[in-house]
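S.K.:
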Amino acid sequence: MTDAQLTHTGAVRLYGPEFQQDPAGLYARIKREYGPVAPVLLDGDLPAWFVCGYREVHQVTSDSQLFARDTRRWNQWDNVPADWPQLGFVAYNPSLMFTEGDEHRRRAGAVSDALAEVDQFELRTLAEQAGDRLIDTFAGTGEADLMEQYASTIPLLVTAGMYGMPEADIPSLVRDITLSVNADAESAAAHQRVAEAMARLVELKHRQPGEDVPTRLIEHPSGLTDEEILLDLVVIIAAAHQPTSYWIGNTIRLMLTDDRFATTLAGGRASVGQALNEVLWQDTPTQNFIGRFATRDTQVGGQRVRAGDLLILGLAAANADPQLHSCGGAAGNHAQMSFGHGEHGCPWPAPELAEVIAKAAVEVLLDRLPDLTLAVHPEQLRWQPSVWMRGLVSLPVTFTPAYVPLGGR
């Protein structure tokens, strides 16, 4: 047994029935029992540190020298089985996700520059058009599953538009991105197909450059290689998909189950931004992030952390930190940790672009189907079993069937 495993004897399991039933309750119990940094066990009882205090998450994410991102630093690799369920989150690849230092700043800077040139008015138009097309497919039926038929698809359609993808290639990309995030036998093959699609897209943009993200990366003065570009395009579209989908779904759920938003459903838009921000604070899509790795022995939140130890960023727990809320820190601001923080946080302006997409998606839905009603009792809604993400399995609704012109809008 390693030193880390001995330290974590009797630690809380960050998986299993208690986590699935009430993750927020488990976060609160961990914080009460251990404080802002707690020993936890991942699947297979692999040890990690759960950083759940707001100040401590800020500290860890601000110091990329002491708490690094390259997963090859992990001191538990000898104990990780080949079929470990979380392997996809820690298996190293030379993408933007795992680079460090000057190399990371070069790659992240190029991505930020490419995203900064996205016209947010055009982006909103793309999102509205995607929303209208999806709503047209079910508006006449009077019922829908808004996760499967709406929220899970809009971010992919919009990102494909930002990438300047040929329209014929978009349906297969949407299918494969969706399959690749599922932890099943099809995910690896689907991920490979996504990488192949990005390689073809980079090749196309060399021949036919456009006003799109791949072309900007190709032409960026940082001199990115085609391999680097395709890897980072995969990272961007994967990061845009699930968190934004769940942000849309969680916001719709909040507005359908909280009386404060009843007037919005009746035809106003004033509260959509408030609901989006509240979800980031209280029901954020990215609950936890794996992770950071200590580059030397140190102390965090009163715990002794050894070189190579894994630190899980408890983003949802940090957002709910009682110390933050007791001093009014969460009231009406955007200082939540939902997009991470520091050098390896979500690259600017990606959070702004995600908000444009999510806000347009919710507003188009309310405009088109203003009498949306949840089709089941709120307690019957089921959440995905992921330790890392917080999103609904389905969001069944009913509404007055709407007329859709032949051929759609």
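Counting along the sequence shown from 1, when you hit position 112 you're at 112 in the UniProt record's numbering, and nothing is skipped either side.
Note that CB positions come from ideal geometry on N, CA and C, so glycine has one too.
If you're wondering where the values come from, they're calculated on a predicted model, not measured in any experiment.
(1) So, helix, strand or coil for residue 153, using DSSP?
(2) At which residue ranges does the stretch 16–59 contain complete alpha helix (DSSP H) runs of 4 or more residues, listed in the order of the chain?
(3) Excluding the 5 residues preceding and the 5 following residue 251 in the sequence, name in chain order all residues of the same chain whose CB lies nearer than 6 Å to its CB.
(4) Roughly how many angstroms lie between the CA atoms of residue 89 and residue 364, to the nearest whole one?
(5) Mind checking who residue 300 pairs with in its DSSP beta bridge?
(6) Taking DSSP as the reference, what is the three-state secondary structure of residue 145?
(7) May I have the straight-line CA-CA distance separating residue 48 from residue 312, to the nearest angstrom?
(8) Spell out the partners DSSP gives residue 178 in its beta bridges.
(9) From residue 96 to residue 405, what distance separates their C-alpha atoms?
(10) Where do the ends of the beta strand (DSSP E) carrying residue 294 lie?
(11) So, do the stretch 240–256 and the stretch 389–402 have three or more beta carbon pairs nearer to each other than 8 Å?
(12) Compare the C-beta of residue 287 against all C-beta atoms of chain C and say whether one is closer than 8 Å.
(13) Going by the beta-carbon positions, is the gap between residue 300 and residue 37 smaller than 8 Å?
(14) Pop quiz: residue 41 and residue 387 are said to be a contact at Cβ under 8 Å. What is the actual Cβ separation, rounded to whole angstroms?
(15) Measure the alpha-carbon distance for residue 413 versus residue 401 and round it to whole angstroms.
(16) Have a look at 175, 167, 169, 165 and flag the residue whose alpha-carbon is nearest the alpha-carbon of residue 149.
(17) Can you round the beta-carbon distance between residue 353 and residue 123 to whole angstroms, since I take them to be within the 8 Å contact cut?
(18) When we look at the beta-carbon of residue 215 and count the other beta-carbons within 10 Å, is it buried (16 or more) or exposed?
(19) Look at the Cβ atom of residue 347, then the Cβ atom of residue 111, and state whether they are nearer than 8 Å.
(20) Could you tell me the distance, in whole angstroms, from the CA atom of residue 193 to the CA atom of residue 61?
(21) Assuming residue 119 contacts residue 220 under a Cβ cut-off of 8 Å, what Cβ separation, rounded to an integer in Å, is found between them?
(22) For the beta strand (DSSP E) containing residue 397, list its first residue and its last residue.
(23) How many Å lie between residue 244 and residue 82 at the Cα?
(24) Let's test the definition: count the other Cβ atoms within 10 Å of the Cβ of residue 372 and tell me whether it reaches 16, buried, or not, exposed.
(25) Taking all protein chains shown into account, do 16 or more other C-beta atoms lie within 10 angstroms of the C-beta of residue 385, making it buried, or fewer, making it exposed?
(26) Along the chain, where does the alpha helix (DSSP H) containing residue 314 start, and where does it finish?
(27) What residue range is occupied by the uninterrupted alpha helix (DSSP H) comprising residue 476?
(28) Tell me the rounded alpha-carbon separation between residue 403 and residue 196.
M.R.: Per the coordinate set shown:
(1) Against the sequence shown, residue 153 aligns to sequence position 153. Coil at residue 153, not helix or strand.
(2) 17–21, 23–34
(3) As a first step, residue 251 is located in the sequence shown; it is residue number 251 there, counting from the start. Contacts found: 275, 276, 279, 362.
(4) Mapped onto the sequence shown, residue 89 falls at position 89. Mapped onto the sequence shown, residue 364 falls at position 364. One C-alpha to the other measures close to 34 Å.
(5) One-based indexing of the sequence shown puts residue 300 at position 300. 303.
(6) As a working note, residue 145 is residue 145 in the sequence shown. In the structure shown, residue 145 sits in a strand (DSSP, three-state: E or B).
(7) Taking the first residue of the sequence shown as 1, we reach residue 48 at position 48. Taking the first residue of the sequence shown as 1, we reach residue 312 at position 312. The alpha-carbon atoms of residue 48 and residue 312 are separated by roughly 7 Å.
(8) Indexing the sequence shown from 1 puts residue 178 at position 178. In the DSSP output, where bridge partners are listed per residue, residue 178 has none listed.
(9) Indexing the sequence shown from 1 puts residue 96 at position 96. Indexing the sequence shown from 1 puts residue 405 at position 405. Those two C-alpha atoms are separated by around 44 Å.
(10) Walking along the sequence shown from the start, residue 294 turns up at place 294. Where residue 294 is concerned, the enclosing beta strand (DSSP E) stretches over 288–294.
(11) yes
(12) No chain C is present in this structure, which holds just one protein chain.
(13) Locating residue 300 in the sequence shown gives position 300, counting from the first residue. Locating residue 37 in the sequence shown gives position 37, counting from the first residue. Yes, Cβ-Cβ distance for residue 300 and residue 37 is below 8 Å.
(14) For this step, residue 41 is matched to residue 41 along the sequence shown. For this step, residue 387 is matched to residue 387 along the sequence shown. That pair is no contact at about 11 Å.
(15) The structure shown does not extend to residue 413, since the chain is modelled only from 1 to 409, so the question has no answer here.
(16) Position 149 of the sequence shown, counted from the start, is the residue given in the question as residue 149. Residue 175 is the option with its Cα nearest to residue 149.
(17) What you label residue 353 is simply residue 353 of the sequence shown in a count that begins at 1. What you label residue 123 is simply residue 123 of the sequence shown in a count that begins at 1. The Cβ separation is near 6 Å, so the contact holds.
(18) The sequence position of residue 215 within the sequence shown is 215, counting from 1. Answer is buried; the Cβ neighbour count reaches 16.
(19) Mapped onto the sequence shown, residue 347 falls at position 347. Mapped onto the sequence shown, residue 111 falls at position 111. Against a cut-off of 8 Å, the Cβ pair of residue 111 and residue 347 comes out as a contact.
(20) Against the sequence shown, residue 193 aligns to sequence position 193. Against the sequence shown, residue 61 aligns to sequence position 61. One C-alpha to the other measures close to 32 Å.
(21) Sequence index remark: in the sequence shown, residue 119 carries index 119 (1-based). Sequence index remark: in the sequence shown, residue 220 carries index 220 (1-based). Actually they do not touch by this definition, with Cβ atoms about 18 Å apart.
(22) As a position in the sequence shown, residue 397 is number 397, starting the count at 1. Residues 396–398.
(23) For the purposes of this step, residue 244 is taken as the residue at position 244 of the sequence shown. For the purposes of this step, residue 82 is taken as the residue at position 82 of the sequence shown. Spanning the two alpha carbons is a distance of roughly 30 Å.
(24) For this step, residue 372 is matched to residue 372 along the sequence shown. So residue 372 ends up on the buried side.
(25) Within the sequence shown, residue 385 is the residue found at index 385, counting from 1. Exposed is the call here.
(26) Taking the first residue of the sequence shown as position 1, residue 314 is located at position 314. Unbroken run through residue 314 is the beta strand (DSSP E), 310–314; no alpha helix (DSSP H).
(27) The first residue shown for the chain is 1 and the last is 409, placing residue 476 beyond what the model contains.
(28) What you label residue 403 is simply residue 403 of the sequence shown in a count that begins at 1. What you label residue 196 is simply residue 196 of the sequence shown in a count that begins at 1. One C-alpha to the other measures close to 40 Å.
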